[in-house]
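To keep things clear, I will list the structure first and then write my remarks on it.
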Amino acid sequence: KRTFYKLVDIWISEAGLARRGHREFIQAAMHAMPKFNVESDIRAYVRLLDCFPDGKHTGIHRSHWFYSAFQDKIADHSIAENLVSQISQHGAIPNDKLFNKALEIFGKFSPAMLAVRQCLFWYPRIIAFQKHPISVSDFKELSPTEIAFHGLRQMSPGLDAKFRNFEVLQSECDEILNTDQLDSVVSIQTPEQQSMLAKHDPDSPVFIQGPNTVYVKNKQLQYYVMRSDPKELIPAKKVELEDGLGYTETRIKEIAQVEKDTEKVEGPVYAIACTDYTSHAALRTWVRGLLEDNKNLSLCTVMFQ
Amino acid sequence: MDILRPFVLRLAKTDTTQILSKCLKNRTVYARTISFTTNKNKKNAEKSNIVVKQEEEIVRIQEKSVDWNRWKHSWKYFNMIMKNKFASAHDHALAARSTKEDQIIYYFRNSGELENWYIMTDEDVGARSWAELIQGPNEMTAAFRGYLNNTPPRDYVISNDPLEPTPNFYGFAYVETKPFEGILGREQFMNFQGFNSFKIRLRGDGRKYHFETLCDFGFGDRWMYTAPIYTNGGPLWQEVTIPFAKLIASIDSGAVAKQREMALDKMSNFRFLIRDKIEGPFHLEIDYIAFTRDVTYEVCESGIDYYDPWEPINSNSGM
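Chains A and B are the protein sequences, given in the same order.
All the letters of the first sequence, read from the start, carry residue numbers 1199 to 1503 under the numbering used here.
All the letters of the second sequence, read from the start, carry residue numbers 9 to 327 under the numbering used here.
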């Protein structure tokens, strides 16, 4: 990454105050950013804005709302538009420094500033749709256990869940994995799922459903689910409130009639785990680890699907 | 923290802080249930700059242009409340909506309800992604699944010249409702009045899908109002609530600079779109799509949450 900044420094020192050839250099640097691994860093984009020529009489600054339509040097503004679109494309987080520097160079009434304003406006409002946002540059540095943690947190709702990491010993399991893959079992269980397991009948079996995939940003994770067959639901008692005035609201609720249809067909989920192993020996370590908190599991039979 | 307990038991001779410093690198650790430090390890933890925080629910403050303290003592606020809480009683059909808290638009219990939707993919442009819409394995839900391919069609020439770059091609696929036809083939529209937000029950695979509606203002002005849905994935079902004011107006999948309120009288389509840049299989199961009314959700007079803070600049420069 440092070589990118060195290149820019060398070019600026060689080019001088007039900065001849700045358009070609900036476009070539934008094209070459992925090779230097700098595409998701906002500091590189802000440094590239220094390559534009400074001063009052360059002809780039747009200061009037009417005369900006008749002024020259349109290519400089279009290059800045492409630069800002690349910021949003690669997931870099826009800055106040970007705004201030572009304002000094391009002026308020330029199309480049419109692109910067849109980028700064929409970025927090689109991130607000996510529950647990991560930046692209932080996600690249995560280890496989941390990616599994993010994936399990994404899959299970609520904040009271318990995470556990179980090591798989080589004496039990013969499978060999690459260095990039998960060597241990990461599991999650909420207290609601724990209470449901405690109420489970030991006569009926508990299933571990086979490897499924989940996407966490760009990467795929492999996960297993501990589950049982569906049971007959006990309908909740209706509580009737007394209205003293004798006025009864007849409000139609259509979602409540349809909400719990899938529970008759799909059984409850007791726990979820992430691994890259495919053998049953690795999953037995998971079951043994869950025996600490769930004592009803020792009486149940566990079957692999 | 429970994650670290097996490390402590099996590697009792080594220092826990060395392991933590390698794994975490001076980062904050979010402990959900239990604090992990004993009296011994607290000193070592302070040296390696590890901070333990209890994880809290993220509360997002939405930026609004309205000064609510001054706004509430005005006649406009009173009018806004009356508009949002009570249904417009122009039509007899709408008067019945005031008694409804929810209304379900689509639920896929029968396989015959899949005929209302149709699929579009890359293949019309020349690329290679495919998709299908079938009854799910439950026999109660609809499954939209397929494979996204980012290989561009032959007509799409990507120039490797850095001075004239062309944007990369990314595949897409979407499921859309068929338009309603009235007498003599005239198009009929849906009415969203009386309600405040959508409620959708989903089960995806962790990818980003877009939920969109089409609004026809007339005279060829058709804007799609989109909202991204980041699916959780996994075996559990997910419920998503999207208020109308959070939908982003867009033309050709690009957000419009000056946002406008939607005309609730003239809504014609629903659409589920996938266009994230990941190449691979996708599947999405849909249980129901419904309207709801959220009385506590406050909206500005403009009816939309995306204001234009640079209005004098954006209007005078003609862009």
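Idealized CB from N, CA, C, for every residue including glycine.
For residue i, the three-state DSSP class (helix, strand or coil)
| i | result |
| --- | --- |
| P217 of chain B | Residue identity check: residue 217 of chain B is Tyr in the sequence provided, not Pro. Strand, per DSSP. |
| E147 of chain B | coil |
| Q1284 of chain A | helix |
| S1393 of chain A | helix |
| W1 of chain B | Only positions 9 to 327 of chain B appear in this structure, which leaves residue 1 of chain B out of reach. |
| T300 of chain B | strand |
| P236 of chain B | strand |
| L1215 of chain A | coil |
| T328 of chain B | There is no way to answer for residue 328 of chain B, as the model of chain B reaches only from 9 to 327. |
| W83 of chain B | helix |
| Q267 of chain B | coil |
| F1502 of chain A | strand |
| P1232 of chain A | helix |
| H1259 of chain A | coil |
Among the options, the one whose alpha carbon lies nearest that of residue i
| i | options | result |
| --- | --- | --- |
| Y182 of chain B | B:R209, B:F219, B:E147 | B:F219 |
| S261 of chain B | B:T239, B:D273, B:Q246, B:D284 | B:D284 |
| F299 of chain B | B:F86, B:Y114, B:Y217 | B:Y114 |
| D1240 of chain A | A:S1341, A:K1295, A:A1273, A:V1412 | For the sequence presented, residue 1240 of chain A should be read as Ile rather than Asp. Residue A:K1295 is the option with its Cα nearest to I1240 of chain A. |
| G1305 of chain A | A:F1327, A:A1230, A:A1278 | A:A1278 |
| R268 of chain B | B:S276, B:I256, B:F278 | B:I256 |
| Y314 of chain B | A:L1350, A:F1319, A:E1339 | A:F1319 |
| Q1284 of chain A | A:L1312, A:E1237, A:A1300, A:K1254 | A:E1237 |
| P1342 of chain A | A:S1426, A:G1356, A:L1312, A:T1377 | A:T1377 |
| T221 of chain B | B:G202, B:G228, B:I250, B:M90 | B:I250 |
| I286 of chain B | B:D130, B:G202, B:Y155 | B:Y155 |
| C223 of chain B | B:A271, B:D169, B:R301 | B:A271 |
| V248 of chain B | B:I237, B:D110, B:G241, B:S258 | B:I237 |
| R1245 of chain A | A:N1293, A:I1272, A:R1260, A:G1257 | A:N1293 |
| Y233 of chain B | B:A151, B:D273, B:R279, B:S167 | B:R279 |
C-beta neighbour in chain A for residue i, strict 7 Å
| i | result |
| --- | --- |
| M148 of chain B | yes |
| W231 of chain B | no |
| T41 of chain B | A caution first: T41 of chain B carries a pLDDT of 39, below 50, which makes its placement in the model unreliable, though a value can still be read off. Closer than 7 Å: yes. |
| I112 of chain B | yes |
| E109 of chain B | yes |
| D224 of chain B | no |
| R105 of chain B | no |
| N240 of chain B | yes |
| G311 of chain B | no |
| W138 of chain B | no |
| R301 of chain B | no |
| D260 of chain B | no |
| R211 of chain B | no |
Pair within 7 Å by beta-carbon distance, residue i and residue j
| i | j | result |
| --- | --- | --- |
| L292 of chain B | G212 of chain B | yes |
| K207 of chain B | I1450 of chain A | no |
| R153 of chain B | Y296 of chain B | no |
| Q1391 of chain A | P1409 of chain A | no |
| Y1396 of chain A | N1494 of chain A | A quick correction: the sequence has Ala, not Tyr, at residue 1396 of chain A. It is a contact, given that the beta carbons lie within the stated cut-off. |
| V1383 of chain A | A1471 of chain A | yes |
| F1250 of chain A | F1202 of chain A | no |
| C1317 of chain A | P1400 of chain A | no |
| W1263 of chain A | F1307 of chain A | yes |
| G214 of chain B | Y1413 of chain A | yes |
| C1371 of chain A | A1480 of chain A | yes |
| M198 of chain B | M275 of chain B | yes |
| G1487 of chain A | D1427 of chain A | no |
| D130 of chain B | N204 of chain B | no |
Cutoff 7 Å: residue i Cβ touching any chain B Cβ
| i | result |
| --- | --- |
| F1268 of chain A | no |
| I1450 of chain A | yes |
| Q1328 of chain A | yes |
| D1336 of chain A | no |
| I1453 of chain A | yes |
| R1315 of chain A | yes |
| M1353 of chain A | yes |
| D1459 of chain A | yes |
| V1500 of chain A | no |
| Q1420 of chain A | no |
| Y1512 of chain A | Beyond the ends of chain A as shown, which are 1199 and 1503, falls residue 1512 of chain A; an answer cannot be given. |
| Q1225 of chain A | yes |
| V1456 of chain A | yes |
| V1467 of chain A | yes |
Closer than 6 Å: residue i CB and nearest the ligand COA heavy atom
| i | result |
| --- | --- |
| V165 of chain B | Looking for the ligand COA in the displayed structure turns up nothing, as the structure carries no ligands at all. |
Cβ of residue i within 7 Å of any chain E Cβ
| i | result |
| --- | --- |
| V1463 of chain A | Of the protein chains in this structure, namely A and B, none is chain E. |
Pairing CB atoms from the stretch 1262–1269 of chain A with CB atoms from the stretch 1205–1224 of chain A, are three or more of them under 8 Å?
Verdict: no, contact absent.
Sufficient close CB pairs (3 or more, under 8 Å) joining the stretch 124–140 of chain B to the stretch 166–181 of chain B:
Output reads yes: the stretch 166–181 of chain B touches the stretch 124–140 of chain B.
Would you say the stretch 157–166 of chain B touches the stretch 301–319 of chain B, given that touching needs at least three Cβ pairs under 8 Å?
Fewer than three beta-carbon pairs drawn from the stretch 157–166 of chain B and the stretch 301–319 of chain B are found closer than 8 Å, and the two stretches are therefore not classed as touching.
Would you check if there are 3 or more beta carbon pairs closer than 8 Å linking the stretch 1342–1352 of chain A to the stretch 1325–1333 of chain A?
Counting Cβ pairs under 8 Å, three or more are found: they touch.
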